[in-house]
Structure formats: structure tokens, C-alpha cells
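In this note's numbering, each residue's number is its place in the sequence shown (first place is 1) plus 4.
Virtual Cβ for every residue (Gly too), placed ideally from N, Cα, C.
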Amino acid sequence: MLYSAYIAAVLSLLLIALSLNISRLRLAHKISFGDGGIKELTLATRAHGNSLEQSLVFIVLLYFMETAPAANAQIALMFGIAFIVTRIVHGMAMFTRRLLIRQIAHVATVGLQLATAIIILAR
């Protein structure tokens, strides 16, 4: 079973939620393009963009880690769940302006990407 497909689906749901938040703010402030100088919209756009950037890299790495010879599906599942949690925490920390929590979530995100890349390279 490829857990990476399920992880990708859950990350997609998170990205959809973040995108809908941007749409909600655009409608509320009647802004078609850009952020119109509305800090809340800037923040929402950045939260979506950051999550998209990190998720794309991770899901590709997770898939390759999971399909490599001698792959361990349980490790892929644990990494995937941990990544989802870090992205949710990161987004919540952005919206609540909790810098330290956001930084910790970012370090965890990068750490999971790094660990996944190292596992792939070690094989």
C-alpha cells in the first residue's frame, strides 16, 4: 500500500482549505488581484504559498522513499502524518501570530524533508 497517495490527498485538503480562506478574504474585501494592502490577505496568501511549497517537495520525496527498494511503509506513514501535523501547526501559528511555534513547525518540516532525502540517498 502506498501511503504517500493518502498523505498527498490530506495535504491537498489542507491546501484547498487555505485557498478557500484566500477566496473568502478576497470576497470580503472586494479584491481581485494582489492583497490590496490588507495584512490578513497577505498572511493568508503566504500561509497557502508556504504550505504548497513545502508539501510539493515533501510528497515527491515521500513517494520515492516509499517506492525505493527495501522501503519501510510504516516509516513513510509516520513521516507523512508528522508532516501533516507540522503543516497544520505552522498554518495555525501564522494566523495566530505565534512566531516561536511557527519556527518550530518550520524546523520540523525541513527536518522531515531532510530525513526523507537522506533515507533515499542512503539506499
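The three-state secondary structure of Arg127, taken from DSSP, is coil.
Here the segment 87–95 lies against the segment 12–23, with 3 or more beta-carbon pairs under 8 Å apart. If you compare the alpha carbons of Ala9, Tyr10, Arg127 with that of Pro73, the shortest gap goes to Arg127.
Here Gly95 is actually not in contact with Ser59; their C-beta atoms are around 11 Å apart, not less than 8 Å. Excluding its 5 nearest sequence neighbours in each direction, Glu44 has C-beta neighbours in its own chain below 7 Å: Leu29, listed in chain order. The beta carbon of His110 sits closer than 7 Å to those of His94, all from its chain and outside the five residues before and after it, given in chain order. If you check the CB distance, Thr120 and Leu66 come in under 8 Å. Taking C-alpha positions only, Met5 is separated from Ile42 by approximately 44 Å. Phe87 sits away from Ala51, with the two beta carbons spaced by 8 Å or more.
A straight-line Cα-Cα distance of about 29 Å links His33 and Ile105.
Ranked by Cα distance from Ser23, the first of Ala9, Tyr7, Gly40, Thr46 is Thr46. Its Cα nearest to that of Ala75, the residue Ile124 stands out among Ile108, Gln117, Ala97, Ile124.
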